[in-house]
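**Q**
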Amino acid sequence: MTYLEQARALGDRLIVAVNDDASVSRLKGPGRPINSVERRMAVLAGLGAVDWVISFPEGTPENLLTHVKPDVLVKGGDYGVDQVVGADIVQAYGGEVRVLGLVENSSTTA
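Residue 44 in numbering that gives the first Met the number 0 sits at position 45 of the sequence shown; the count goes up by one each step and never skips.
So this is what it looks like as structure tokens:
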């Protein structure tokens, strides 16, 4: 929740994008995801910080970013801006890329 609340504070609306089931399976292997995309999206949509939840079928959100064009792309965890997938896309149209610091005892994987 801390990541989502921090991300929400950076803009007027928070849109959370999640990999669909097929892309999670390709990325993480057999037996994944544990929870369906519908379930993951419903949980996220129920959180106060989240305005919209969308899914994408590709392994990365690059195609989605070219269509949604967020003002701010936020990534949680131990990354540099140059490591954030899609940062180049967002920066090319003048958007901002922000990396939130690690939150102790927290994981971005459900």
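Glycine residues also receive a C-beta, built at the ideal position from the N, C-alpha and C atoms. Here the structure is a predicted model, which means the values were calculated and not measured.
Can you tell me which of the three DSSP states residue 54 falls into?
**A** Along the sequence shown, one-based indexing puts residue 54 at 55. Residue 54: strand per DSSP, three-state reduction.
**Q** Give me the Cα-Cα distance between residue 71 and residue 28, rounded to the nearest whole angstrom.
**A** Within the sequence shown, the letter at position 72 stands for residue 71. Within the sequence shown, the letter at position 29 stands for residue 28. Looking at the two C-alpha atoms, the distance is approximately 30 Å.
**Q** Any contact of the region 83–98 with the region 36–52, i.e. 3+ C-beta pairs under 8 Å?
**A** no
**Q** Spatial neighbours of residue 24 within its chain, please: C-beta separation below 6 Å, excluding the five flanking residues on both sides.
**A** Along the sequence shown, read from residue 1 onward, the residue named residue 24 stands at position 25. 31.
**Q** Return helix, strand or coil for residue 33, following the three-state DSSP convention.
**A** Residue mapping note: residue 33 aligns to position 34 of the sequence shown, counting from 1. Coil.
**Q** Given this structure, state the Cα-to-Cα distance separating residue 99 from residue 7, to the nearest angstrom.
**A** Here residue 99 corresponds to residue number 100 of the sequence shown, with the count starting at 1. Here residue 7 corresponds to residue number 8 of the sequence shown, with the count starting at 1. For residue 99 and residue 7, the distance between alpha carbons rounds to 12 Å.
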